[in-house]
Amino acid sequence: MRRPIMAGNWKMYKTPSETSAFFEIFRPLVADAAHVDVVVCPPFVNLPAASVAARETHIQIGAQNLHWAKEGAYTGEVSAGMLRAVGCQWVIVAHSERRQYFGETEETAFKKICAALDTGLKPIYCVGELLHERESDKTHAVLARQFHDCAGKLTPEQFRGIAIAYEPCWAIGTGKVATPEIASDAHAFIREQAREGFGTAAAEACRILYGGSVKPDNIGGLMAEDQIDGALVGGASLDPVSFAAIVNF
Ligand code: PGA
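Residues in the sequence shown are numbered consecutively from 5, following this note's numbering.
(1) Tell me, please, which residues DSSP counts as bridged to residue 64.
(2) Check each candidate in 225, 241, 62 and 194 and name the one with the smallest Cα separation from residue 143.
(3) In terms of residue numbering, what span does the beta strand (DSSP E) encompassing residue 131 cover?
(4) Evaluate residue 262 with the Cβ neighbour count: other Cβ atoms within 10 Å of its Cβ, from every protein chain shown; 16 or more gives buried, anything less gives exposed.
(5) Taking residue 205 as the reference, give the member of 164, 158 and 179 with the closest Cα.
(6) What did DSSP end up calling residue 140 once you bin it into helix, strand or coil?
(7) Can residue 100 and residue 130 be called in contact, C-beta distance under 8 Å?
(8) Can you have a look at residue 104 and say buried or exposed, based on whether 16 or more other CB atoms are within 10 angstroms of its CB?
(9) Classify residue 135 as buried or exposed, calling it buried when 16 or more other Cβ atoms lie within 10 Å of its own Cβ.
(10) Which word fits residue 41, buried or exposed, when buried means at least 16 other C-beta atoms lie within 10 angstroms of its C-beta?
(11) Specify, as a first and last residue, the run of the alpha helix (DSSP H) that residue 234 falls within.
(12) Determine the closest residue to residue 120 out of 86, 253 and 80, with distance taken between C-alpha atoms.
(13) Heavy atom of the ligand PGA less than 7 Å from the Cβ of residue 191, yes or no?
(14) For the ligand PGA, I want to know if residue 140 counts as a neighbour, meaning its beta carbon is within less than 7 Å of at least one of the ligand's heavy atoms.
(15) Is it true that the CB of residue 252 sits closer than 8 Å to the CB of residue 34?
(16) Determine the burial state of residue 227: buried for a count of at least 16 other Cβ atoms within 10 Å of its Cβ, exposed for fewer.
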């Protein structure tokens, strides 16, 4: 049995005071969800407020990106050590918006995952195909490349430390959720890549989240699939009541 992860990706939304207000409502609503890893990933500037608000709860805090260097002349960047210092336990790596708008590649994602693991952060490595790739029957080829050119290069020990999020780009922010069957097929394919690279036990232990228009009314159908171990939630994680409904699906 893989422990579910419900992670909220706030993207570029909310200020520190809005973060604190979110947690006031969210905390009691998820107080009984001890069987799930509940992770909130706000923008960098909100991480201290989120960490304070999550103190003495089982809610965990994550960042949405990091730089691979420990420190240095990298204007505008934030290191894994800095994230740890403000209470982060998780970090999202290679979200499709970072791939599409900010030049993230498998190569940079690999360096980020290594830096995160070295510092004790748990990476959530995002993969997923574009609409035209799905329509031209390239989904498996894309997922295989994204897996092998990044996660597949990790050591077995490193691989045990990551989670993977399958997020088909055509489902992100569009309201068009993948059907449980489509998501399940992609997850099984990713797990097969993990099995080939790292063996059955590592593949079976790997938590693979689905992301893309997850809402309170579709989470139940997704989580009914054996292959789906949780969700990476964008829009619906901004509202404490709706994200709590997803956590408590
Ligand atoms: P969405 O975003 O839930 O708003 O579709 C998901 C994500 O980008 O992680």
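We treat Cβ as the ideally placed atom computed from N, Cα and C, and that holds for glycine.
Per the coordinate set shown:
(1) If you number the sequence shown from 1, residue 64 lands on position 60. Beta-bridge analysis with DSSP links residue 64 to 43.
(2) For the purposes of this step, residue 143 is identified with residue 139 of the sequence shown, where counting begins at 1. Ranking the options by Cα distance to residue 143, first place goes to 194.
(3) Taking the first residue of the sequence shown as position 1, residue 131 is located at position 127. Here the beta strand (DSSP E) through residue 131 covers 126 to 131.
(4) The structure shown does not extend to residue 262, since the chain is modelled only from 5 to 253, so the question has no answer here.
(5) On the sequence shown, position 201 is the one that residue 205 refers to. Checked all of 164, 158 and 179; the closest Cα to residue 205 is 164.
(6) If you number the sequence shown from 1, residue 140 lands on position 136. Residue state, collapsed to three classes: coil.
(7) Sequence index remark: in the sequence shown, residue 100 carries index 96 (1-based). Sequence index remark: in the sequence shown, residue 130 carries index 126 (1-based). Yes, these two residues count as a Cβ contact at 8 Å.
(8) Stepping through the sequence shown from its first residue, residue 104 is reached at position 100. Exposed is the call here.
(9) For this step, residue 135 is matched to residue 131 along the sequence shown. When all chains shown are included, residue 135 counts as exposed.
(10) The sequence position of residue 41 within the sequence shown is 37, counting from 1. Residue 41 comes out buried.
(11) Within the sequence shown, numbered from 1, the residue matching residue 234 stands at position 230. It is not in any alpha helix (DSSP H) - residue 234 instead sits in the beta strand (DSSP E) that spans 234 to 237.
(12) Along the sequence shown, read from residue 1 onward, the residue named residue 120 stands at position 116. Comparing Cα-Cα distances from residue 120 to each of 86, 253 and 80, the minimum goes to 86.
(13) Indexing the sequence shown from 1 puts residue 191 at position 187. Distances between the C-beta of residue 191 and the heavy atoms of the ligand PGA are all 7 Å or more.
(14) The sequence position of residue 140 within the sequence shown is 136, counting from 1. Because no heavy atom of the ligand PGA lies under 7 Å away, the Cβ of residue 140 does not count as near it: no.
(15) Along the sequence shown, one-based indexing puts residue 34 at 30. Along the sequence shown, one-based indexing puts residue 252 at 248. Cβ distance < 8 Å, so residue 34 and residue 252 count as in contact.
(16) To locate residue 227, count along the sequence shown from 1; it is residue 223. Looking at its Cβ environment, which holds 16 or more other Cβ atoms inside 10 Å, residue 227 is buried.
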